[in-house]
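Participant:
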Amino acid sequence: MKSTLSSIFSACFLLMALAAGAQDKKKDSVKGLVMEVPAGLRIGTDLTRVAMHFFQPYRTDATITLDARYRDRIFFASDISWNRTSHSDTSYTYKGSGLAVSIGANYNLLKKQVPKENFMIYAGMKYGFALFNYELPAYTVPGSYWGDYHGTVGASTKSAHWVELSLGVKVEVLKNFYVGWSLHDRLLLTKKISKGDYPPMVIPGYGKGNKGNVFDVQYTVSYLLPMWKVKQKTTLP
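The opening position of the sequence shown corresponds to residue 61 in my numbering, with each subsequent residue numbered one higher.
#1: So, does the segment 227–235 touch the segment 258–277, judging by three or more C-beta pairs under 8 Å?
#2: What does DSSP give as the partner residues of residue 311 in its beta bridges?
#3: Which same chain residues end up closer than 7 Å to residue 289 when comparing Cβ atoms and leaving out the 5 residues on each side of it in sequence?
#4: What's the gap between the Cα of residue 243 and the Cα of residue 196?
#5: Cutting at 7 Å between CB atoms, please list the residues of its own chain near residue 259, excluding the five before and the five after it.
#6: Using only CA atoms, which one of 132, 111, 125, 117 lies nearest to residue 93?
#7: Which term fits residue 287, buried or exposed, when burial requires 16 or more other beta carbons within 10 angstroms of its beta carbon?
#8: Rounded to the nearest angstrom, how far is the Cβ of residue 283 from that of residue 103, given a contact under 8 Å?
#9: Cα separation between residue 163 and residue 180?
#10: Using a Cβ-Cβ cut-off of 7 Å (strictly less than) and excluding sequence neighbours within five positions of residue 169, which residues of its own chain qualify?
#11: Taking the C-alpha atoms as reference points, what is the distance between residue 134 and residue 125?
#12: According to DSSP, simplified to helix, strand and coil, what is residue 261?
#13: DSSP on residue 287, reduced to helix/strand/coil?
#14: Measure the alpha-carbon distance for residue 158 versus residue 120 and round it to whole angstroms.
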C-alpha cells in the first residue's frame with residue numbers, strides 16, 4: 061500500500077514539475093514574442109503658438125508637428141514653423157517674417173507593457189534651420205546734447221541654425237487621436253545673429269533672436285494616419 065501511494069505521489073510530483081516547466085517555457089516565449097502593430101504618420105499642431113498671440117499681440121505663429129514611427133521605440137520627428145512679427149512703439153518700428161524646419165528623432169523611454177499600448181514618454185534631439193527677413197523702418201536714439209537721432213535699418217534676409225533637445229509625453233485619448241506636451245531647450249549655433257547690433261525680435265521656430273539659448277513648452281494635438289506596421293517586442297509579466 062505504501063509502495064502504491066509512493067508511486068502515485070511521485071507521478072503527481074513529476075506531472076506538476078512538467079506542467080510548471082511548460083508554463084515557464086510558455087511565459088518566456090510570450091516575453092520574447094514579436095508582434096506587428098499599426099504605425100504611420102502623425103500630424104498635429106502646437107496650441108501654445110495660438111495662445112502666444114494673446115500674450116504677445118505683436119507675434120503671429122503657427123507650428124505643424126510631424127512624427128513617424130521607424131522602429132519599436134524610434135520615431136522620426138519634424139516641426140514646420142511660421143512667424144510674422146510687427147511691433148511699434150516710441151523707440152522703434154519692427155517688421156519681420158519667416159519659416160523654419162527642425163528635423164530629428166524621438167526615442168520612447170518606456171518599454172511596452174502591452175503590444176498595442178499607445179502611450180509614450182520620449183526624449184528627442186533635432187537640428188533646426190530658419191530663413192527669415194526683418195527690418196526697422198524707423199528707430200530713434202535719444203540724445204540730450206545733439207538731440208535725438210532718427211534712422212532706419214533696411215530689410216535683410218538672414219538664416220539661423222540651432223540644436224534642440226526635448227522631453228515629452230504623448231497619449232492616445234481617442235482612436236488615432238493624441239494629445240501631448242513637451243519641454244524644449246534650444247541652443248543657437250548662429251551666434252553672430254543674437255550678438256549683432258540689431259538682432260531680430262523673433263527667429264521663427266526658435267524664439268527670441270537676442271538669446272543664444274531659449275527654453276520653450278509645447279502642447280500638441282495630433283492625428284495618426286496608419287500607413288504601415290512595425291515589429292514590437294512584448295514585455296508581459
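No residue lacks a Cβ here, since even glycine has one placed at the ideal position from N, Cα and C.
Facilitator: Based on what the coordinates show:
#1: no
#2: The first residue shown for the chain is 61 and the last is 297, placing residue 311 beyond what the model contains.
#3: 96, 97, 98, 99
#4: 32 Å
#5: 253, 269, 270
#6: 132
#7: exposed
#8: 6 Å
#9: 19 Å
#10: 181, 182, 183
#11: 16 Å
#12: coil
#13: strand
#14: 11 Å
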